[in-house]
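Residue numbers for the sequence shown follow this note's numbering, so the first one is 2 and each next one is one higher.
All C-beta atoms, glycine included, are put in the ideal place defined by N, C-alpha and C.
Just so it is clear, the structure is predicted and the values come from calculations on it, not from any experiment.
Just below is one structure, and these are the notes that go with it.
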Amino acid sequence: MLRSCLAAAIALIATGSASASITQLDLADYRLVATHDLPSVQASEASAVTWNWDTDTLFVLGDEGDYVVEVNKQGQLISSMNLFGFDDTEGLSYLGNGQFVLVEERLQDVHRFSYTAGGSIGRSATPAVSVGATVGNVGLEGLSYDPLSGRFILVKEKTPQAVYDAALDFTTGSATVTELVPPANQFARLFDTLDLADVQTLTTVASLRGTADQDNLLIYSQETPRLMEVTRSGEVLSQFDFSAIAEDAEGVTIDGNGVIYIVGETPRLYVLAPVPEPEGWALLLAGLGVIGATARRRLS
């Protein structure tokens, strides 16, 4: 009976039904609680995912640049928007009020657009900012918007690996870029990572604002593969080994409850949630009404 209750509790955590907002983050507390297939046509070769805090849904981008897809937290299709003219799209982040940005890896351009379910948009119709010169398949792999500062964090895949803090002006098309953790490629040396695949700011989690974790980042390495919580000065605070789960995962986001969502090219959605220690299960089950229900059955 207890096992089935715990399974039900984990399932609720995975859907967000029983998750309370976190006040601190430690990846050592996280477990894989669910795996979902993504719609194979629209989300082909999923390379990025972002959480929309206005709709509490996820948006997925494929590296073919054909669609942005809205799904629920179980990976089920809600809507999609057709993209055309984009090249090697690798990063996606939500800005609020239905607006998003995406990044093209080789061109190292960031585009802003408004999402319209069932609509379409071409590359030439979107305001854009160039963050760097055109490179090979080692350019900008991910980005994340920081709603507190209005700036962006971007990761360059390799040769060298790099993490950037950038102010992007889509009106003038200008960018002011600062490299975090200099000198170049220090991430590879400090973290023993083969690449950097995506980044997520924690300032999107309202309950973490004002805490010690507020300015930290989630950084994912596909080729290592590993999810890390790091400070903006490069200190690794906690890690989650993804090697036994998937080798093709490369996009990461986090919702308002601290549940982490990772997408892989398969395409597939992986859900990580902070799971309570054994002594915390009683509090969680009590909150779900499971303990009381069990006691009533025993008395009947």
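Three-way DSSP call (helix, strand, coil) for residue i in this model
{"i": "D30", "result": "helix"}
{"i": "F1", "result": "Outside the displayed range of the chain (2 to 301) lies residue 1, so it cannot be described from this structure."}
{"i": "L169", "result": "strand"}
{"i": "F243", "result": "coil"}
{"i": "R152", "result": "strand"}
{"i": "A44", "result": "coil"}
{"i": "A198", "result": "coil"}
{"i": "E158", "result": "coil"}
{"i": "A126", "result": "helix"}
{"i": "L39", "result": "coil"}
{"i": "L317", "result": "Any answer about residue 317 is impossible in this case: the structure gives the chain only from 2 up to 301."}
{"i": "S145", "result": "strand"}
{"i": "K74", "result": "coil"}
{"i": "N53", "result": "strand"}
{"i": "G121", "result": "Per the sequence shown, residue 121 should be read as Ser rather than Gly. Residue state, collapsed to three classes: strand."}
Backbone CA spacing between residue i and residue j [nearest angstrom]
{"i": "V264", "j": "A49", "result": "7 Å"}
{"i": "G259", "j": "S125", "result": "36 Å"}
{"i": "I122", "j": "F153", "result": "23 Å"}
{"i": "W344", "j": "D147", "result": "With the chain covering 2 to 301 only, the question about residue 344 has no answer from this structure."}
{"i": "V178", "j": "V206", "result": "24 Å"}
{"i": "G63", "j": "L144", "result": "14 Å"}
{"i": "A245", "j": "E251", "result": "15 Å"}
{"i": "G140", "j": "G120", "result": "29 Å"}
{"i": "S22", "j": "T160", "result": "38 Å"}
{"i": "I82", "j": "H112", "result": "With the sequence shown as reference, residue 82 is identified as Met, and Ile is not the correct amino acid for it. Cα to Cα, the separation comes out at about 15 Å."}
{"i": "L28", "j": "E266", "result": "23 Å"}
{"i": "I261", "j": "L149", "result": "20 Å"}
{"i": "D170", "j": "A129", "result": "9 Å"}
{"i": "N73", "j": "T204", "result": "22 Å"}
{"i": "L209", "j": "Q25", "result": "6 Å"}
{"i": "L191", "j": "A118", "result": "42 Å"}
Closest residue to residue i among the options (Cα-Cα distance)
{"i": "E230", "options": "G211, D249, Q201 and G257", "result": "Q201"}
{"i": "E65", "options": "D55, V34, T204 and V104", "result": "V104"}
{"i": "E46", "options": "D89, N83 and N73", "result": "D89"}
{"i": "E106", "options": "F192, L273, D166 and K157", "result": "K157"}
{"i": "P184", "options": "Q223, G92, E91 and Y165", "result": "Y165"}
{"i": "N98", "options": "F114, D196 and A189", "result": "F114"}
{"i": "L59", "options": "F85, V42 and S80", "result": "S80"}
{"i": "D110", "options": "D57, L26 and A176", "result": "A176"}
{"i": "E224", "options": "L270, D196 and R210", "result": "D196"}
{"i": "N138", "options": "L108, A118 and T24", "result": "L108"}
{"i": "Q77", "options": "V272, V102 and L39", "result": "L39"}
{"i": "A189", "options": "Q75, S222 and V136", "result": "S222"}
{"i": "L228", "options": "A247, G174, G211 and T172", "result": "A247"}
{"i": "Q43", "options": "Y68, Y95 and D57", "result": "Y68"}
Where the beta strand (DSSP E) containing residue i begins and where it ends
{"i": "F85", "result": "L78 to F85"}
{"i": "L62", "result": "T58 to G63"}
{"i": "R269", "result": "R269 to P275"}
{"i": "T179", "result": "S175 to L181"}
{"i": "I220", "result": "L218 to S222"}
{"i": "T254", "result": "A250 to I255"}
{"i": "I23", "result": "Looking at the DSSP string, I23 is not in any beta strand (DSSP E), and its letter there is neither H nor E."}
{"i": "L209", "result": "Note, L209: premise wrong, no beta strand (DSSP E); not H, not E."}
{"i": "T90", "result": "T90 to G97"}
{"i": "G265", "result": "I261 to G265"}
Element boundaries [alpha helix (DSSP H), containing residue i]
{"i": "Q100", "result": "Run containing Q100: none in the alpha helix (DSSP H); it sits in the beta strand (DSSP E), Q100 to E105."}
{"i": "R190", "result": "Q187 to F192"}
- prompt: Are there three or more Cβ pairs, one per stretch, closer than 8 Å when the segment 213 to 220 is compared with the segment 229 to 245?
  reply: As far as the Cβ criterion goes, the segment 213 to 220 touches the segment 229 to 245, which means the pair count is three or higher.
message: Any contact between the segment 239 to 250 and the segment 76 to 91? By contact I mean 3 or more CB pairs, one from each, below 8 Å.
response: With contact defined as three or more Cβ pairs closer than 8 Å, the segment 239 to 250 and the segment 76 to 91 are not in contact.
- prompt: Between the segment 181 to 199 and the segment 32 to 39, do at least 3 Cβ pairs fall closer than 8 Å?
  reply: Segments in contact, no.
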